[in-house]
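Colleague:
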Amino acid sequence: ESSNYITRRQAIKLLGDILLDRSNSGVMTKYVRSMDNLRILMNLLRESSKTIQIEAFHVFKLFVANQNKPSDIINILVANRTKLLRLLADVKPDKEDERFEAD
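Every letter in the sequence shown is one number past the one before it in full-length UniProt numbering, and letter 10, counting from 1, is 10.
1) Using the rule of at least 16 other Cβ atoms within 10 Å of the residue's Cβ for burial, across every protein chain shown, is L85 buried or exposed?
2) Kindly indicate which three-state DSSP category R22 falls into: helix, strand or coil?
3) Tell me whether L15 is buried or exposed, calling it buried when 16 or more other Cβ atoms sit within 10 Å of its Cβ.
4) Please state the DSSP three-state secondary structure of D17.
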């Protein structure tokens, strides 16, 4: 959790690229089973930088889409449902990020 903006932005982008690559599905599956990883992503969704928020969303959606969510992950998502929906509604991506709108 670096305080350097460039480091945080590049790290979340790289994480998303790694996890979304199908050849890393085993790593992605392990990653989305961690409560600590979910907590970090949920905090990144609250970043002041829209770029970091959008990159965090691309990783966060993996937690939501996971069909084999552990019960602790489900509990966190359900407990924070209203806040998450409000937060995601407030994230307005630039026109270039068509992926966000589609997801």
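Here a beta-carbon is modelled for each residue, glycine too, at the ideal position from N, C-alpha and C.
Modeller: So, to answer that:
1) exposed
2) helix
3) buried
4) helix
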